[in-house]
Structure formats: structure tokens, C-alpha cells
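Residue numbers (the numbering used here): -11 to 425.
And the structure:
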């Protein structure tokens, strides 16, 4: 570094280019000042630094708020489906700029490689996340889990709202782009999401919804909200019993338990209406055997989205900058499924090498060494197992009564009139359903 850089009169012309400009992409003003102080470089005032960063970013990326015409100019060249499997593109886009007060837009970003994952599943997970875009627009996320419970992204959308129409656009976009690229009709029939009616209605308007799994974590929070007015000791007892209800394996068990629960806690006579009506009853484990009972796999990815690029997407970037980063993010998602990756060799030439972080979409669960060990230890217990039909009934304790199993197997619970006795009986037997697929 030359003495000229330390000349305060030349700070804006010299030092900003050398010290400030490069870190400015990912550092906050306070972090830049800390860096300058650590390097014993004369610092500008916070006001000067903020003005410089604002001008720099404006020159690099334009104004924070862009017009609809500018957005259309951004979208149009990126809407063509590329040859490269990992090159992101805007698969669908729609907008209305007829009224300044009511103007809206929706766009969905994906890659051909991610699109090819979609037909591998019959269940879809969808959600919305905020605090990515400066203008406050939500980002809609969509994907699925494989048979080893790993989450896989399909792409990401940015919309002006998170209404039914916005989720309908999201699902229509997936359906349309799969038909264009994979050339098959997409027909998922199961939705896993929080309890938002907008997501349910959006899915139902595009696909034939057969199973609506309500995220158990969200359902429990809603139930907690309804129990706020209850005395703490009773509330804790009710919460514990709600968790025991969630572990049930059949619809008949659920309905019987809720009836007994209402008899025990008469002040919660509306529990069946609030927790077990159509569209809200998909939170117990047996609602769809083999599928996740929460949408945590998707929601946990929201943090990694915001962490991407040294926390770039945590900074509530202006829309155009945010879309640029989302293109980079979607490309990163896509390249994970590429078995090879490109690197520079010693001669600075690009070569292909195996992708050490290659991700697999598992079509069946992976049985680990620990699973085999646990199975062996359980086998040594020598518990009696009763088989009825395709189900295996295993006692929680060492003995098992044939009549108890028959009651369980036929869902014949008419004789039970006490909630605690019924839960104890249900929990005394484990049912193993073998997947023959």
C-alpha cells in the first residue's frame, strides 16, 4: 500500500477502490469500519461510508425499487429454457401493471435438472419465507423428501403476496415446466405444509388432493395458542395428552380418543371441530404411514437460503439483486445432483472430476449398520409377535394378549369409556406395517 492511499484528500478516489469496494458486497458498514481500524487505515465518517456504499450499489445494481417495465426486461431474456441442465431460468412469469395500487407479479426459478426430480414423488412440500427481498415480497419454496427423508428443492418463486392465487401459480408452474421438459403429466396427490388454507386451496386448484398432511409442529403451536387461558398445571397435562394422541396410527383411534378427551376435558368440547375436521386432521402419525408428519425438512432449508453467499440473502436485497442471488442459489442446488463437477487443474485449464458432494434421490430407505445392530438387539428380547393380515403386532411389554391384539386389529374400541385407559391400551401394542411396494 502506498502513502498516497493514506492521503485523506484522496480517500474517495483511491482508498474506496482499494479497501472498501471489494468487501462492500458482503460486509455491513460497521464491519468495514472495524476492518479499516484493524489495518490502521484512516476511517471515513459513518455518514460518508453509507453514502459511498449507497452510490456504489446503485451504480452496480440500479435503484432499490425497479419498475414493472424494468422487471419485464430482466425476466424476458431469462425465460428461455437453456441447454445446460444446471443453468437457472424463469420457468413461469405473470404480472399486472394496469393499476399502480394493485400491481402484482409472480415468477418461478428452477433448472432442468431440478425439474427432472419432480416426477419421482407423489407428495409435495410448500411454504413461504420472508426477509429476503427489500420490498418485502415473500419467497415461495417448494420441494419434496425422498424415501430416506432427505429434502430436495424444486426451485423458488418470488411473488407480491402469499395468497391462494400465488400458491396456485407455484403449483401450475411446476406442472407446466415438467410437461415441457420431462413430457409427462404431473399428478402429485399429497400436500405437506403448515395449516395455511392458501396453500391447500392453491394445490387443490391444480392437482387432485387426496392427502393433506398438516405439519405437526404448526398444529401443536396452534393448539398451544388455544390453551393459553388454561391454568398452567392443567395446560401441561393437556399438552402431554395431545402428544399421546398425535402418536395414534388410525383414523378410528383418533376419533375415539378425541371423543374421550372431550369427555375428560368438557371445556374443550370444540376440540374435534378445531383439530379433526377435514383439512385439519392430518397431524397424527397414522394419517399417512411412511410420510413425514411435519414440514420441518423444508422450513429448516429457509435458514440455509438466507445463509447463502456469506449471508447475502439475509440483507433484504433489492428485488433485482435478490433475483441475481437466487439464480446463483438455484444453480448451486442443481449442481449437487450432477455426478461430475468442473475444477481448474495445475495448468489453469478446466477439467471434470467426480462430484464428492453428489446428492442422491433415494427411492427406498437406507438401512444403516446401526439399524441392523438395533434390530439384532431387539430380536434377542424374544418378544412374542402376532401376525394378522399384513400387520405384525408387537407388545410394548414382554407379554401380549390375543384379545387385546384382536381389539386393536379390528379397531373395536366400543368398550372403552375412559381416556387414560384407552391411551394406555393403545400404547401397549406396536404395529408394524410392511411396505410391499
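Ideal placement from N, C-alpha and C gives every residue a C-beta, glycine not left out.
In this text the structure is predicted, and so the values were computed from the model without any measurement.
Taking 8 Å as the upper bound for CB-CB distance, residue 196 and residue 177 are in contact here, some 6 Å apart. No Cβ-Cβ contact shorter than 7 Å links residue 83 with residue 96.
Remark: C-beta atoms of residue 274 and residue 237 approach each other more closely than 7 Å.
Annotation for residue 221: no residue places its beta carbon closer than 8 Å to its own, counting only its chain and skipping 5 residues before and after. Along the segment 76 to 100, the beta strand (DSSP E) occurs as fully enclosed runs of 3 or more residues at 77 to 84 and 92 to 98, listed in sequence order. Per DSSP, the continuous beta strand (DSSP E) segment holding residue 200 begins and ends at 199 to 202.
A straight line joining the alpha-carbon of residue 292 with that of residue 384 spans about 39 Å. Taking the Cα of residue 263 as reference, the smallest distance to any Cα among 201, 316 and 34 is reached at 201. Non-local beta-carbon contacts of residue 259 in its own chain, meaning distances under 7 Å to residues more than five positions away in sequence, involve 246, 249 and 250 in chain order.
Looking from the CA of residue 91, the closest CA among 67, 147 and 99 belongs to 147. Under the 10 Å beta carbon count, residue 401 is surrounded by 16 or more other beta carbons and is classified as buried.
At a Cβ-Cβ threshold of 7 Å, residue 22 and residue 319 do not count as neighbours. Cα atoms of residue 404 and residue 224: separation of roughly 24 Å, rounded to the nearest angstrom. Beta-bridge analysis with DSSP links residue 129 to 115 and 144. Taking 8 Å as the upper bound for CB-CB distance, residue 117 and residue 126 are in contact here, some 7 Å apart. With fewer than 16 other CB atoms across the displayed protein chains lying within 10 angstroms of its CB, residue 360 is exposed. It is roughly 15 Å from the alpha-carbon of residue 315 to the alpha-carbon of residue 81.
Rounded to the nearest whole angstrom, the CA to CA distance from residue 304 to residue 35 is 21 Å. The DSSP-derived three-state label of residue 139 is strand. When DSSP states are grouped into helix, strand and coil, residue 259 belongs to the helix group. DSSP places residue 421 in the uninterrupted beta strand (DSSP E) bounded by 417 to 421.
By DSSP's assignment, residue 121 forms a beta bridge with 305. Contact annotation: residue 134 and residue 350 have beta-carbon atoms nearer than 7 Å. For residue 182, the number of other beta carbons within 10 angstroms of its own is at least 16, and it is reported as buried. Put simply, the backbone Cα of residue 281 is about 30 Å away from that of residue 124.
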